[in-house]
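Notes follow the structure.
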Amino acid sequence: MRVITMVMLSVTSFFGIDGDDSIPDLKSKNLSQAVKDWAAVLGEELQFLFDETVNESQIKEMYRNAAEVEFDPEIQLAKAKKAIENYLNVRANAAWVAKKSLEERTLQNGTDEYNDRMSPKFIRYMSAKTLNNEVQLPATVVGESTVINSTEELLLTPNANFYHIPTSLKSSVVQIPTPVYERNTSVLAEIAWSEIDNVYRQNKEKTKDLAFQMFCSSSGFMRFYPAIAWSWDNSEVKLDLFDCRSAEWYINSATMSKNVVIMLDVSGSMFGQRYEIAKQTIEAILETLSDNDFFNVMKFSKEPVFLGTCGNETKPLQATVRNKKLVLGKLTGTTSEGKAEFEKALLEAFTAVQNLNETARPATQREILERRIHGDAPGMRYFEHGAHVLVMSDYLFEAIEKYKEEGMHLGCNDVIMLITDGAPSNYEHIFAKYNSNKRIRFFSFLIGEEATQFDQVRWMACHNNGFMVHINNLADVQEKVQYYIKVMSRPVGKYAAKIKQNEGVWSAVYQERLTEMFAITLGYPVAVNGVLKGVAAVNVPVNELQQLANVFNPGVQSYMFMLNNNGYAIFHPQLRPINLETRKTKSNYNNIDIIELEVPQKQRLHENGTSVKWRLEYGNELRTAAFGCQNKMEEEILFATKDLKRVFRQTNDYYIACINNGTMKLGFAVAKGERKVFEPGNIDYRRIQMGWFEGKYYRIHPNWRYCLLNDSDSGMTAEQAFIVYIKQMITTGRLPELCQQRKPLVDKLIFDTTRTQSLWDKWKANQRTLKKPINLIFFATSSGMIRFWDRIPEKYTDEDPNWKKKPKKVPGSNITTIKEDKAKHKGQRKKYLHFITELNNRSVDDEYFIRSIRLKERIVFDLNKQSNLWSKPKGEVSQLVVATKALYKSNGGALLGVAGIEFPMDYFAELFNRIACNSEDAETETIWCYLLDEHGYIFYSNRKLSRFTNANGDNERSEFGEWFGNATALTEKTMTLLLKNKFYTNVTYVDYQAVCNREEIGQITAAGIRPVLTIIKTFILLLYRLWRMICDLATLHFIESLVLAPVKAYTPTFRDNNGGYACDKASKFYLANFGISGWSAPTSPPQTASLSGTDSKVRTCDSGNCDVRGFMSIWLFVASPSSFLLIKVHDASDKSFNSSMDDDGRVCRHVYAKERRPVTKCAYLDMNETGYPCSYGLRVPVSFTVYLVSLVFIVFSSGIL
């Protein structure tokens, strides 16, 4: 059967009274039958064109003797699980060896000799920023700083096993953030101690594709191998704010999971610069929390208020990027006022961190007096400590005692952090009741240079296993926050010697800074004498895991996916981490849950069309099956293309396996009806011929690793690299060792290459007699192999003949020379871009392949809008048509691959105009003819507006590629009729990874809109601040608050350059109704071509001066059994329903802890920390230059000046 979708509108303009009698009859009669006939003939012609060009029967003959098997998903999943576990274990061993090597080395104490160039102990190191060992000694009392020239430099060369990124395997390099003084003697001692390049090199020699090996020191520097050029935060002022101690892989390994409550004092004395410092302190703290931690922020003055994103909640929030940004955003616009009620706030903080349902309160004087007279009230307890009395219920009293006995509820450590400029008391009675065993650590951050009330906040920290720091200014924040990490790492330092190799901690997915690739990282704590000195780690690129898993996926619609311990995707084909508009990572790219990716076909929306009512319940069967490592059978989902232009119905069976001791999950979604595959069998490698893999008409997937390479083989193409191993196979008769890891993929590639060896010759011979202007024929397989034949048709050229070189007059001369300006895009000559070699060389990963396999046995027509040909001799530009079809061995059999052709659009237009819409009415545009694809996008139109060819190549006004319902008011109405008459069905797809625009809020914008209101509000604000100044005698802070603007975020997580926030978007998509189960809907296709049921005229225009009759044809006929024809085109827009950020149901689903598995064991060590330091009030040793540069960057990046 053959299918073509055709829409015809007959449009007649008229004037006069409404009514059918006033509308003249069209010249074309029986249009319903005409549309049927046109569709049939056009379908036959296009089918014949494809058949005689591609020669489908010959391709099928090449696979005739190939053995088909039905794969077992559980067996394939088990193979993938084993391969990934082995892959991860090899990387884990590299980090483990580095950890052990470091712990066996002796760490020397710092000495001034390290900075004495005449001393034998003088220390140099290879800097990641300069790629040499140049030293800049600190300034002395009598002179300036001294620069000592380098004695060694690193030369970077592209590395084939490092994605061709320039690296050096000679040495590791050291990165030190700007706030850390690089010539600090203690830092230098650790740099020298951490130099284990021999270990790094040995690990790399054993594992050729090993990624970065790293060591992050607790003192702030990071050593990594291989060497690669570092990227500055601001190269002009040489500013580098990256601190590896804030990286998730460091935090996860250096500390155990935490449940943190941050108390922010917003009393009157905290406004102005102090509040800005406090906000930056919270930002720096949140930067140190990972998905395995939990937190909440409570601001307090007269009353404590939690900033939980679902209202005034005290529940802990999972510390995802999404939640951290939402909470931090609530600090913007906070006003400071009143007196800080510390007692109320501390009671609420302990209630939250202990997950209690009630809060104790201080007893009033009357209650104390009545108690003395009448005794304790029934059901109430009174806790006395000195002159203070706390009142609580029996339930609360017992709950507190139970907590102290049983310990933590979320995470391994409970923490309270206080950010203030001073406290009037130490509130010893509250700590005595709630934290007598000191299980809850308490940290104090004293804010402001003028803050002098050290004693009370120091007592709170020192008597509760915490630490106090004094943060003088913004430049102090990052380094001072690190002190709390050092305290939290004390138990890990003691426990590090007991950690086993299989107990390393894997991070969530993140975008690696230097390569900008997505990676996960494994870390091990490194301790010396029971004190944590840092974390040894190794990177694993996510795309390597994805490729390795899919080696064992025989299908093409089926796919593998991987989840971390929180149920978030590590890789998944529906994961879209990049915002296509900004080309930046989305704010929530590593917090996407599996049930946000497997979008169901049936969505229940609110009445206003926003948000999903019930779908994202985290008790979902699929999620439960994933965490139970069970098989979950059959779910009907919607599979979307990467650009979200199209969605397809798909039914999957799910199989789940646990890896890495259950902290990760590997899933296999098997598409219904996709079990039969080819079995390459035992390949005789000696019989392979080199010629099968050579020539310019053969390509393999450029991004897949079929075999590992030597590091120096970066100049090779993928085809050249594979030939190296083909030679070894022919010589030895065996698969080379470097190809063993991906043997199924290599064997499948050899299988496809062998079967199709003669394909090019057959195409070439066939085209000698073919007179059609076909410029490209190709055949792509799931192994990544593509064979193609190409030529430029005689009447066309592949370069724009209308382009002229730009004349340029030589200065000082009358001679005019012609010079091509290649630097400017407008000056470049337009050329044909090859559909395979330049645009689509990734076979199964390209859109034409993805769509063709979902439209089985149908030819899919597409517009190649990225390339053109030019006709001779006029030089008119023609768009190109690409027709593709998925070929199978038999009906329901194994997939051979996708075959396709490319030819000029004007050839198609000539064919169309000869067959269809060729009446006088069409010439006068009283009849509009459209060819639509299966999603309702316009592939072709006979309207003059839809120009497909002209001398200038200007197609801006063309309708081609538009969604039919958006083209005009008439087509919008016609689309409604197509849906009503069941030519199309619709489905709702909810994008849970969407980005919504955030409105900019600021004084300038507000003033521009409401100047008078702004002036009044500003005047009132000035009066209020003047009143506060008089009350608090805080003249300096008042002036600061008038002059200084709010400081913007500076840590990597909160420097959001995307200009948007995570949201849900629900959109309707339209699918042509073929009456096929699993494609559009279980609805019978229409039997008549008329949209109105008859050929009668039906008024559909709003203006009242026109009338439209519509006819639609999706025709089946038996000219070629089991063969369908569809038309496909790119680009359309659809109405989206954006969810509201005020929708608590949508927001709250991300906030609280879901089913998850901890990544680390909790080590409860009864440590006596009495002798440990518990406060630091002085500034960190930072040079004046470092301080000044940091402050200048913060000021300029905040827009203060």
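Our numbering puts the first residue of the sequence shown at 626, with every later residue one more than the last.
Think of the CB as a built atom: it goes at the ideal place given N, C-alpha and C, for glycine as much as any other residue.
Extent of the continuous beta strand (DSSP E) run through residue i
| i | result |
| --- | --- |
| ASN1611 | 1609-1622 |
| PHE849 | 847-850 |
| LYS883 | 883-890 |
| GLU1221 | Segment: none, GLU1221 is in no beta strand (DSSP E) and carries neither H nor E. |
| HIS1836 | Residue numbering for the chain in the displayed model covers 626 to 1826; residue 1836 lies beyond these limits and cannot be assessed. |
| THR792 | 790-792 |
| GLY1685 | 1685-1697 |
| SER1069 | 1065-1072 |
Exposed unless 16 or more other CB atoms sit within 10 angstroms - verdict on residue i
| i | result |
| --- | --- |
| LYS1690 | buried |
| SER1758 | Since pLDDT at SER1758 reaches only 36, below the 50 mark, its modelled position is unreliable, and no value is offered. |
| LEU1370 | buried |
| ARG1653 | Because the pLDDT at ARG1653 is just 49, under 50, the model does not fix this residue reliably, and the value given afterwards should be weighed accordingly. So ARG1653 counts as buried. |
| LYS949 | buried |
| LYS1497 | exposed |
| SER926 | buried |
| ARG1312 | exposed |
| ASP589 | Past the edges of the chain, shown from 626 to 1826, lies residue 589, and the structure says nothing about it. |
| LYS707 | exposed |
| GLN1365 | exposed |
| VAL1615 | buried |
| ASP1309 | exposed |
| THR939 | buried |
| MET743 | exposed |
| GLU998 | Before going on, a small fix: residue 998 reads as Ile here, not Glu. Answer is exposed; the Cβ neighbour count stays below 16. |
| ASP1446 | Annotation note: pLDDT 44 at ASP1446 (below 50); position unreliable, coordinate value reported separately. So ASP1446 counts as exposed. |
| TYR1797 | exposed |
| ASN1552 | As written in the sequence, residue 1552 is Ile, which differs from the Asn given in the question. Buried is the call here. |
| VAL799 | buried |
CB contact flag (residue i, residue j, <8 Å)
| i | j | result |
| --- | --- | --- |
| LEU1374 | TYR1331 | yes |
| PHE1699 | PRO1711 | no |
| SER1800 | MET1113 | no |
| VAL1272 | VAL1620 | no |
| GLY1000 | ASP1019 | no |
| ILE1262 | PRO1225 | yes |
| GLU908 | LEU953 | yes |
| LEU1384 | ARG1412 | yes |
| ILE1913 | PHE1486 | An answer regarding residue 1913 cannot be provided, because it is not within the stretch 626 to 1826 covered by the chain. |
| ASN1178 | TYR1193 | no |
| VAL1469 | SER1515 | no |
| MET1289 | ASN1175 | no |
| LEU1458 | GLN1491 | yes |
| ARG808 | PRO745 | no |
| ALA1788 | LEU1147 | no |
| GLU1259 | ASP1278 | yes |
Endpoints, the alpha helix (DSSP H) within which residue i is located
| i | result |
| --- | --- |
| ILE1540 | 1530-1540 |
| ASP1080 | 1079-1087 |
| PHE1186 | Taken as a continuous stretch (DSSP letters only), PHE1186 belongs to no alpha helix (DSSP H), being part of the beta strand (DSSP E) at 1184-1188. |
| ALA703 | 698-729 |
| TRP1553 | Here TRP1553 belongs to no alpha helix (DSSP H); instead the beta strand (DSSP E) covers 1552-1557. |
* Flag this pair as touching only if the segment 1268-1282 and the segment 1156-1168 have three or more C-beta atom pairs under 8 Å; answer yes or no. => Counting Cβ pairs under 8 Å, fewer than three are found: no touch.
* Could you tell me whether the segment 905-916 touches the segment 958-972, where touching means 3 or more Cβ pairs closer than 8 Å? => no
* At least 3 beta-carbon pairs within less than 8 Å: the segment 724-737 vs the segment 772-785 -> no
* Between the segment 1073-1084 and the segment 828-844, do three or more beta carbon pairs fall short of 8 Å? -> no
* Whole runs of the beta strand (DSSP E) within the segment 907-988, excluding any shorter than 3 residues -> 919-925 and 929-931
* Where in the segment 1148-1189 do unbroken runs of the alpha helix (DSSP H), each at least 4 residues long, occur, reported from the N-terminal end onward? -> Qualifying alpha helix (DSSP H) stretches, in chain order: 1167-1175.
* To do: May I have a chain-ordered list of the alpha helix (DSSP H) segments no shorter than 4 residues that lie completely inside the segment 1237-1322?
  => 1246-1252
* To do: Write down every uninterrupted run of the alpha helix (DSSP H) in the segment 770-836 whose length is 4 residues or greater and which is fully enclosed by it, in chain order.
  => 810-818 and 822-831
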